[in-house]
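Colleague: Next up is a structure, given as structure tokens.
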Amino acid sequence: MNPSHSPPPNSSHRSASFSDYVKAIPQYLYPHHILSALMRRMARVRSPWIKERQIRWFIRRYRVDMAETLNPNPASYADFNDFFTRALTPQARAIPGNEYMASPADGWISLFGTLDGEGIVQAKGHRYTVTELLGGNTHDAEAFAAPFIDGQFITIYLSPSDYHRVHMPVAARLRGMRYIPGRLFSVNAATTRVIPRLFMRNERVIMVFDTATGPLALVMVGAIFVGGIETVWAGPITPSHGQSTSIWRYDESRHPELTFQQGQEIARFNMGSTVILLSPPGSVDWAPSLQAGAPLRMGAPIGVMPNPTRPEPGATML
Numbered sequence: 001m002n003p004s005h006s007p008p009p010n011s012s013h014r015s016a017s018f019s020d021y022v023k024a025i026p027q028y029l030y031p032h033h034i035l036s037a038l039m040r041r042m043a044r045v046r047s048p049w050i051k052e053r054q055i056r057w058f059i060r061r062y063r064v065d066m067a068e069t070l071n072p073n074p075a076s077y078a079d080f081n082d083f084f085t086r087a088l089t090p091q092a093r094a095i096p097g098n099e100y101m102a103s104p105a106d107g108w109i110s111l112f113g114t115l116d117g118e119g120i121v122q123a124k125g126h127r128y129t130v131t132e133l134l135g136g137n138t139h140d141a142e143a144f145a146a147p148f149i150d151g152q153f154i155t156i157y158l159s160p161s162d163y164h165r166v167h168m169p170v171a172a173r174l175r176g177m178r179y180i181p182g183r184l185f186s187v188n189a190a191t192t193r194v195i196p197r198l199f200m201r202n203e204r205v206i207m208v209f210d211t212a213t214g215p216l217a218l219v220m221v222g223a224i225f226v227g228g229i230e231t232v233w234a235g236p237i238t239p240s241h242g243q244s245t246s247i248w249r250y251d252e253s254r255h256p257e258l259t260f261q262q263g264q265e266i267a268r269f270n271m272g273s274t275v276i277l278l279s280p281p282g283s284v285d286w287a288p289s290l291q292a293g294a295p296l297r298m299g300a301p302i303g304v305m306p307n308p309t310r311p312e313p314g315a316t317m318l
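Just so we're aligned, residue 1 is where the sequence shown starts under full-length UniProt numbering, counting upward by one.
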């Protein structure tokens, strides 16, 4: 992880500055999906002359450690997106064991803590609710969000220089997934401080898992220039699902393969964005070492999982 491209420490706790407004307000006028579609096309150019220059520039600009990648040869990637979503060697990240919750991604801690009812802090002066995040405008939004009220949350920002695959923080079984359409505002620190209910405005993919301590929600939030979000079981979810909410349900008897071990890859961003984890009250004790603004690596222990219990059947139905 490159400290020269880190966000300022505790950046989400600062009030918005004039500079933040200058960076964020024009985004209301941007054609988010058109710009993201153009970026998607540029990232998939397969001309060796173009894609190799894109990749080598990016490696220099963000000081990418190619020694930890499964394929360290820049010329061997099919296109820039293939490089951007590169795999790591098995030795590149340590997995702590299921008594801990592991970070699902490389990135930076925006905020973490305990929910105030269903309220989540986005940044100083800005809050949103679990119901808004998970349910959107669906008829079952409140029931869907209910297990997480007064629970725990952590928001992790993935910068362009980070590894962009997402992994299971604990052993779990996938219960369901939903896609909620929206805008594609940037999710960097400046935009987070200025634009209210940012993560509610942006499109997102929500996965709900059953774990030994109850349900776990993992939310992948889209952002401008994110060419797509895809999962290992369903393939590309965005941008192909348009402007209507989509819901998938996975019955254990019909989908026994959707049981994952801690550290197993489950999804990827095709550009940088944000991951939000939500868990019920008492399901995780955040590690004392966690600090807003600090870097994380996938697999790093971020909390202790106390008193494992079997979740009630159907407790997290989508």
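Cβ atoms here follow ideal geometry from the backbone N, Cα and C, with glycine treated the same way. From a predicted model like this one, the values you see are computed outputs, not experimental measurements.
Tell me the residue span of the beta strand (DSSP E) that contains Arg-46.
Modeller: From DSSP, Arg-46 is part of no beta strand (DSSP E); its letter is neither H nor E.
Colleague: So, at 7 Å on beta carbons, what are the nonlocal neighbours of Ile-149 in its own chain, with the 5 sequence-adjacent residues on each side left out?
Modeller: Leu-115, Gly-117, Glu-118, Val-130
Colleague: Short of 6 Å in beta carbon distance, which residues of its chain neighbour Gln-243, apart from the five on each side in sequence? Order them along the chain.
Modeller: Pro-181
Colleague: Taking the alpha carbon of Phe-153 as the point to measure from, which residue in Val-232, Leu-133, Ala-172 has its own alpha carbon closest?
Modeller: Leu-133
Colleague: Here's the rule I'm using: 16 or more other beta-carbon atoms within 10 Å means buried, otherwise exposed. How should Val-304 be labelled?
Modeller: exposed
Colleague: Write down every uninterrupted run of the alpha helix (DSSP H) in the stretch 125 to 186 whose length is 4 residues or greater and which is fully enclosed by it, in chain order.
Modeller: 130 to 135, 141 to 145
Colleague: Just how far apart, CA to CA, sit Pro-280 and Ile-302?
Modeller: 16 Å
Colleague: Okay, do the stretch 263 to 272 and the stretch 166 to 180 touch, 3+ Cβ pairs below 8 Å being the bar?
Modeller: With the cut-off at 8 Å, the stretch 263 to 272 and the stretch 166 to 180 touch.
Colleague: What's the C-alpha gap between Leu-70 and Tyr-179?
Modeller: 30 Å
Colleague: Grab me the residues of Val-205's own chain with a C-beta within less than 6 Å of its C-beta, minus the 5 sequence neighbours each way, in chain order.
Modeller: Tyr-179, Met-220, Ile-229, Ile-237
Colleague: In whole angstroms, give me the CA-to-CA distance for Met-1 and Trp-286.
Modeller: For Met-1, the pLDDT reaches just 43, beneath the cut-off of 50, and the residue's location in the model is therefore unreliable, leaving the point undetermined.
Colleague: Pull up the DSSP beta-bridge partners for Asp-285, would you.
Modeller: Val-304
Colleague: With a threshold of 16 other CB atoms inside 10 Å of the CB of Ser-159, please say whether the residue is buried or exposed.
Modeller: buried
Colleague: Along the chain, where does the beta strand (DSSP E) that runs through Met-101 open and close?
Modeller: Start and end: 100 to 102.
Colleague: Under 7 Å, do Tyr-128 and Met-200 count as touching if we go by C-beta distance?
Modeller: yes
Colleague: In the DSSP output, what is Leu-108 paired with across the bridge?
Modeller: Before going on, a small fix: residue 108 reads as Trp here, not Leu. DSSP, once it has assigned bridges, lists Tyr-157, Pro-295 as partnering Trp-108.
Colleague: Determine whether the beta carbon atoms of Thr-245 and Arg-173 lie at a separation below 7 Å.
Modeller: no
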